[in-house]
Ligand SMILES: [Zn+2]
Ligand SMILES: [Zn+2]
């Protein structure tokens, strides 16, 4: 039965690898070292890799009997917002990926599901899903500018960092209380 047609990979796309140079002989190897532009939406809500920023790929492509094994490192920069004080966060990341991509019509292709083993399209490999998974897994769901960030004063919204240790709103509160008393007494 024919498989449902996949979207066609664009060999010029930054996260598509062309394996034409890699002999289809188990053990053959090529390395890929390049800097590409990060794709859109590589991250989670509070933190992620800015679209178009440098993504460094340092990968090894190895021919195995049923496909190509891609392994190596992906690194770059993430930016986001501190979950407590909303300050901008900039950090670097370095993740490793290891993924097997099966040749079209190989036994692996015919006998596994696509979410178990990646697929090649001709000589092309789409790295984006593997890179996305690896990067998103490494990102904190609640990013902080530093582990002990004290956050914002719930009353005035100022950074606790920039406030004196005895910062409090009692004075203002008592003024409000006085005003309230005033208005009450006018009634
Ligand atoms: Zn913070
Ligand atoms: Zn305050």
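Numbering (our numbering), first residue to last: 4 to 190.
All C-beta atoms, glycine included, are put in the ideal place defined by N, C-alpha and C.
#### Entry: Every unbroken beta strand (DSSP E) within the segment 10 to 94, with a cutoff of 3 residues, ordered by chain
Segments of the beta strand (DSSP E) lying fully in the segment 10 to 94: 19 to 21, 32 to 40, 50 to 52, 57 to 67 and 70 to 84.
### Message
Does residue 7 pass the burial test, meaning 16 or more other C-beta atoms within 10 Å, or should it be called exposed?
### Response
Reading the chain shown from its first residue, position 4 is the one you call residue 7. Caution is warranted here: a pLDDT of 48 is assigned to residue 7, below 50, making its placement in the model unreliable, and the coordinate value is therefore given only provisionally. Looking at its Cβ environment, which holds fewer than 16 other Cβ atoms inside 10 Å, residue 7 is exposed.
### Query
Can you round the beta-carbon distance between residue 29 and residue 127 to whole angstroms, since I take them to be within the 8 Å contact cut?
By 1-based counting over the chain shown, the position of residue 29 is 26. By 1-based counting over the chain shown, the position of residue 127 is 124. About 20 Å; that fails the 8 Å criterion.
### Query
Where does the unbroken alpha helix (DSSP H) through residue 140 begin, and where does it stop?
As a first step, residue 140 must be located in the chain shown, where it is residue number 137. Per DSSP, residue 140 belongs to the alpha helix (DSSP H) from 131 to 141.
### Query
ligand 1 heavy atoms versus the CB of residue 193: any closer than 6 Å?
The requested residue 193 does not occur in the structure, where the chain is confined to residues 4 to 190.
### Query
Do the segment 156 to 171 and the segment 66 to 75 touch if we need at least three Cβ pairs shorter than 8 Å?
In short, these stretches do not touch, since the Cβ pair count stays below three.
### Task
Below 6 Å CB to CB, which residues in the same chain sit around residue 133 once its five sequence neighbours on both sides are set aside?
Counting from one through the chain shown, the residue named residue 133 turns up at place 130. Non-local beta-carbon contacts of residue 133 in its own chain, meaning distances under 6 Å to residues more than five positions away in sequence, involve 100 and 102 in chain order.
#### Entry: Status (buried if at least 16 other CB within 10 Å, exposed otherwise) for residue 210
Here the chain comprises residues numbered 4 to 190, so residue 210 is not present and cannot be evaluated.
#### Entry: Selected residue, minimal CA-CA separation from residue 89, among 170, 142, 146 and 54
To locate residue 89, count along the chain shown from 1; it is residue 86. It is 146.
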